[in-house]
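These notes concern the structure reproduced below.
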Amino acid sequence: MISLNTSGMDIRYLKQHIEDKIQHSFLERYINKPVINEDKLRLLVEIIANTKLPDYKKERYIVTTMLVQIALDTHDYVPSNTDENENKEIKLNKQLHVLAGDYYSGLYYFLLSEIDDFDFIHQLATAIKEINEQKMKLYYNEVSSFEDYLQLFQRIDALLIIHVASYLHVTILGKVAEQWLFVTKLNVERQRLTETGYPLISINGFGNESATVVKISQLNTLLNKAINHLKEDLNKVNKDNTGLIQYIHHQLPINTSNVEEG
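For the sequence shown, the working numbering begins at 12 and goes up steadily by one.
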């Protein structure tokens with residue numbers, strides 16, 4: 012057990028602790044080891060560290076929330092299309108991804124049951140339900156524009172953290188997390204488009220050969236808009252969360268207006 016003060020050492024400790032929890036030699040023989048999203052881990056630490064919860068609960072909340080995120084991400088790796096001609100190896104890989112996602116989900120239920128925190132379990136379950144509902148909109152192509160897709164993606168990506176922040180009565184930190192994750196995503200996609208010329212990951216035809224290619228100038232506009240929203244939300248954050256404010260300001264992308272269109 013550690014006293015959380017959001018230092019780099021704490022982040023490393025928590026990441027290693029999560030990796031130890033999800034280690035499964037059989038699954039790792041067949042599927043890639045899950046990736047722990049360090050941005051989300053850092054955000055969770057910053058949100059939870061300044062609460063009045065005992066340290067053991069702070070750690071448990073962070074670890075279990077990240078296990079849920081890993082479970083959701085792992086299920087996303089399962090292809091939605093099924094080819095009746097696919098070989099046994101592909102079918103096994105799909106089945107193991109589903110199994111792995113269920114395994115990580117089971118871990119978080121087990122950890123929370125150890126501290127009898129049924130309210131937090133309910134909060135995470137509500138978040139999972141809403142995330143799956145929003146994902147179905149993507150699956151059934153219920154987006155009419157690229158901007159609608161981005162807004163839906165933005166919501167899905169941050170919902171888990173938003174619910175945790177709401178549960179801990181720090182709603183503004185959930186909003187900051189949502190904007191920050193969106194800024195990070197847009198910046199990564201802008202860099203990818205600049206370096207490779209490939210359009211954004213797509214849904215409902217966005218990004219394929221017949222779709223309108225998203226220009227770097229469009230991404231710059233979206234990115235600058237998101238950064239402005241983020242800065243507005245950061246101004247509303249309590250001074251107790253200076254670590255979060257400093258971290259985000261240090262990581263913010265710069266010179267978005269100076270990137271030339273490919």
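Glycine residues also receive a C-beta, built at the ideal position from the N, C-alpha and C atoms.
In the three-state reduction of the DSSP assignment, Gly208 falls in the coil class, being assigned neither a helical nor a strand state. DSSP places Lys250 outside any alpha helix (DSSP H), giving it a letter other than H or E. Pairing Ile22 with His180, the inter-Cα distance amounts to about 23 Å. Taking the C-beta atoms as reference points, Leu184 is found no nearer than 8 Å to Ala138. When DSSP states are grouped into helix, strand and coil, Gln202 belongs to the helix group. The Cβ atoms of Leu233 and Leu263 do not sit closer than 8 Å to each other.
About 14 Å separates the beta carbon of Val175 from that of Leu255, a gap too long to meet the 8 Å contact definition.
Gln165 places its beta carbon 8 Å or farther from that of His240. About 7 Å separates the CB atoms of Met77 and Ile47; that is less than 8 Å, so the two are in contact. When DSSP states are grouped into helix, strand and coil, Thr62 belongs to the coil group.
Scanning its chain for C-beta atoms nearer than 7 Å, with the 5 sequence neighbours on each side dropped, one finds around Asp50 the residues Leu192, Thr195, in chain order.
The beta carbon of Ala188 sits closer than 6 Å to those of Leu54, Ala169, Ile172, all from its chain and outside the five residues before and after it, given in chain order. DSSP, read as helix, strand or coil, puts Ile172 in helix.
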